[in-house]
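In the working numbering, the protein residues as written are 873 to 1052.
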């Protein structure tokens, strides 16, 4: 509920530690997460754009102020909170990725992946976040991959899973300057 920011702070601390230990550096680091981990990716994009070169966010919730209005969103109120409670509203707004995109910031390259028919996280989240990041930094790389036969993983055909993996890995290889 009101302590969700701890998740984002912990993740950032782990990434910073890897950099401090010289295991990697931001230009060679990528983050990836889906669903609740997609929200984590959104928070990292806007809160700590300096920590990595690229982000892949699968089926994430990025507009925390509207998520409970979606059919599945009501089920998330027990975890995230509700905008109807003033304290929970403040907490949701404080970390809602969509609401903290700033114009002119050099965000990492991002690939948003969503399913057009995802019953758990409405694809408008990825669409809105993509558009907002593209408007904030027109020179940046912000891509949206929408599939008609994928969503939250359940029931995704193997061929679609393979296609998603290929697109994701191709994006990361390109952004991190990797070759086979």
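For every residue, glycine included, the Cβ atom is placed at its ideal position computed from N, Cα and C.
Residue burial classification, residue i (beta-carbon count within 10 angstroms, cutoff 16)
i: residue 941; result: exposed
i: residue 973; result: buried
i: residue 886; result: exposed
i: residue 1020; result: exposed
i: residue 893; result: exposed
i: residue 1050; result: exposed
i: residue 876; result: buried
i: residue 1027; result: exposed
i: residue 937; result: exposed
Rounded C-alpha distance that separates residue i from residue j
i: residue 1037; j: residue 930; result: 11 Å
i: residue 962; j: residue 986; result: 27 Å
i: residue 990; j: residue 983; result: 17 Å
i: residue 1010; j: residue 1001; result: 14 Å
i: residue 1052; j: residue 1041; result: 11 Å
i: residue 945; j: residue 1039; result: 28 Å
i: residue 1008; j: residue 977; result: 7 Å
i: residue 882; j: residue 928; result: 19 Å
i: residue 922; j: residue 904; result: 15 Å
i: residue 874; j: residue 965; result: 11 Å
i: residue 933; j: residue 895; result: 30 Å
i: residue 955; j: residue 943; result: 16 Å
i: residue 1053; j: residue 939; result: Because the chain is modelled from 873 through 1052, residue 1053 falls outside the range shown and cannot be assessed.
i: residue 1018; j: residue 888; result: 31 Å
i: residue 884; j: residue 918; result: 12 Å
i: residue 975; j: residue 957; result: 30 Å
i: residue 891; j: residue 899; result: 10 Å
Opening and closing residue of the alpha helix (DSSP H) in which residue i lies
i: residue 910; result: 908 to 919
i: residue 887; result: 877 to 892
i: residue 928; result: Premise fails: residue 928 lies in the beta strand (DSSP E), 926 to 930, not in any alpha helix (DSSP H).
i: residue 933; result: Taken as a continuous stretch (DSSP letters only), residue 933 belongs to no alpha helix (DSSP H), as it is neither H nor E.
i: residue 1032; result: 1030 to 1048
9 Å Cβ cutoff, residue i in contact with chain B
i: residue 914; result: Of the protein chains in this structure there is only one, and it is not chain B.
Host beta strand (DSSP E) of residue i (start-end)
i: residue 1016; result: 1014 to 1019
- Entirely enclosed beta strand (DSSP E) segments - the stretch 941 to 996, minimum 3 residues: 981 to 987
- So, do the stretch 906 to 923 and the stretch 968 to 983 have three or more beta carbon pairs nearer to each other than 8 Å? Taking 8 Å as the limit for Cβ pairs, the verdict is that the stretch 968 to 983 does touch the stretch 906 to 923.
- If you pair each beta-carbon of the stretch 991 to 1000 with each one of the stretch 1027 to 1047, do three or more pairs fall below 8 Å? no
- Query: Are three or more beta carbon pairs between the stretch 1005 to 1024 and the stretch 946 to 963 nearer than 8 Å?
  - Reply: In short, these stretches do not touch, since the Cβ pair count stays below three.
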